[in-house]
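Data first, discussion second: the structure below is written as structure tokens.
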Amino acid sequence: MTLRVRWFHGCSSARRPTAVGRFSGRTGRVSRVSSLPDFIYSLALSPWALVVLALLLIIDGFFPLVPGETTVVALATLGATGHGPAPLTVLLVGTAATVVGDGIAFLIGRHLGMTRWKWTRRPKVAQVLSWAAGQIANRPGPILIVAKFIPSARVAVTMTAGASGLSVRRFLPLSLLAASIYTLYHVVVATTFGTMFASKPIIGLLASLGFGAAIAAIAAIARSLRQRSLRTNDHARPLGRETF
Numbered sequence: 001m002t003l004r005v006r007w008f009h010g011c012s013s014a015r016r017p018t019a020v021g022r023f024s025g026r027t028g029r030v031s032r033v034s035s036l037p038d039f040i041y042s043l044a045l046s047p048w049a050l051v052v053l054a055l056l057l058i059i060d061g062f063f064p065l066v067p068g069e070t071t072v073v074a075l076a077t078l079g080a081t082g083h084g085p086a087p088l089t090v091l092l093v094g095t096a097a098t099v100v101g102d103g104i105a106f107l108i109g110r111h112l113g114m115t116r117w118k119w120t121r122r123p124k125v126a127q128v129l130s131w132a133a134g135q136i137a138n139r140p141g142p143i144l145i146v147a148k149f150i151p152s153a154r155v156a157v158t159m160t161a162g163a164s165g166l167s168v169r170r171f172l173p174l175s176l177l178a179a180s181i182y183t184l185y186h187v188v189v190a191t192t193f194g195t196m197f198a199s200k201p202i203i204g205l206l207a208s209l210g211f212g213a214a215i216a217a218i219a220a221i222a223r224s225l226r227q228r229s230l231r232t233n234d235h236a237r238p239l240g241r242e243t244f
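Written out as structure tokens, the structure reads:
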């Protein structure tokens, strides 16, 4: 099956030349693509784009070194400009795949625990995991949602939820809620920038990715400052009669 795609949606041919590309479902290749933006658009419009999105998000759920959220932002941004799948489709597929990935991480924590790997036994990591376990025992919803926006904590917190004995019946609704908020946030940001730069989809894509990276960095810094404050309070000696 051959899918014909017309590039630079919404741009006049007088200002920018129009190129036509073909995506072949048999070979999985794109032919007659004249530039890098054309190549990116052709991949976003291919039947495999959503399959790749789902696979990346599932893997990202337990191995956070793949560009899962980057792919969500990219497809939603291009979709908002008419060069990719509809943002609503990206939202639905992204949410479902994220729940599956979280479920795998949860089961890994449930059956393998958190002390099997050396990195989890490092003092700072062990302290964070201990804090996460306490939060999950008292308020699992907020910690699972917040951890979604911190790449370094996302998988660890989900695995800790499984290792700490949180029931599957309680975890699944919270996982769905966290995945929905997490994916919706990225899709809304991507759609906003995609609409703002409708005539320049690549600029919109770069702006969306930059905004997402900035928010993730701010969340990571805030988390680090909070942990430092908690450590300072723990080591501070209380003042009172027993001090003298």
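Going by the UniProt record's numbering, the sequence shown runs without a break in its numbering and finishes at 244. Even glycine gets a Cβ: it sits at the ideal position worked out from N, Cα and C. Given the structure is predicted, the values throughout are model-derived calculations rather than measurements.
Cβ pair residue i, residue j closer than 8 Å
i: Val-189; j: Leu-91; result: no
i: Ala-132; j: Leu-78; result: no
i: Leu-56; j: Val-93; result: no
i: residue 246; j: Thr-89; result: The chain is shown only over 1 to 244; residue 246 falls outside these bounds and no answer can be derived.
i: Pro-201; j: His-83; result: yes
i: Ala-217; j: Val-155; result: no
i: Leu-205; j: Ala-74; result: yes
i: Ala-80; j: Gly-194; result: yes
i: residue 246; j: Leu-144; result: Outside the shown range of the chain, which is 1 to 244, sits residue 246, and nothing can be said about it.
i: Ala-153; j: Gly-113; result: no
i: Ala-76; j: Thr-191; result: yes
i: Trp-119; j: Val-128; result: no
i: Thr-70; j: Leu-209; result: yes
Reduced DSSP secondary structure (H/G/I, E/B, other) of residue i
i: Pro-47; result: coil
i: Arg-228; result: helix
i: Met-159; result: helix
i: Met-114; result: coil
i: Phe-193; result: helix
i: Leu-166; result: coil
i: Arg-22; result: Residue placement at Arg-22 cannot be trusted, given a pLDDT of 46 that sits under 50; the coordinates are not used to answer.
i: Ser-180; result: helix
i: Ser-130; result: helix
i: Phe-149; result: coil
i: Val-30; result: Model confidence at Val-30 stands at a pLDDT of 45, short of 50, so the residue's coordinates are unreliable and nothing is read from them.
i: Ala-198; result: coil
i: Arg-121; result: helix
i: Arg-154; result: helix
i: Arg-4; result: Bear in mind that a pLDDT of 43 at Arg-4, under 50, signals an unreliable position, so the number given afterwards is only what the model happens to contain. Strand at Arg-4.
Cβ-heavy atom distance, residue i to the ligand SAH, below 7 Å
i: Lys-124; result: Here there are no bound small molecules, and the ligand SAH is not part of this structure.
Buried versus exposed, by CB contacts within 10 Å (16 or more), residue i
i: Ile-136; result: buried
i: Val-168; result: exposed
i: Arg-26; result: Below a pLDDT of 50, predicted positions are generally treated as unreliable, and Arg-26, at 48, falls in that range; no measurement from the model is reported.
i: Ser-224; result: exposed
i: Pro-67; result: exposed
i: Pro-140; result: buried
i: Ser-34; result: Confidence at Ser-34 is low in this model, with a pLDDT of 43, below 50, so the placement of that residue should be treated as unreliable; the coordinate-derived value is given next. Counting Cβ neighbours within 10 Å, Ser-34 comes out exposed, since fewer than 16 surround it.
i: Gly-165; result: exposed
i: Ser-130; result: exposed
i: Thr-115; result: exposed
i: Gly-109; result: buried
i: Phe-149; result: buried
i: Ala-222; result: exposed
i: Ala-214; result: exposed
i: Leu-65; result: exposed
i: Phe-171; result: buried
i: Phe-39; result: exposed
i: Gly-21; result: In this prediction, Gly-21 scores a pLDDT of 47, lower than 50, which makes its location untrustworthy; no coordinate-derived value is stated.
(message) Using a Cβ distance threshold of 8 Å, determine whether the segment 95-105 contacts the segment 53-61, with at least three qualifying pairs required.
(response) yes
(message) Just to confirm the assignment: which complete beta strand (DSSP E) runs, minimum length 3, are found wholly within the segment 60-90?
(response) none
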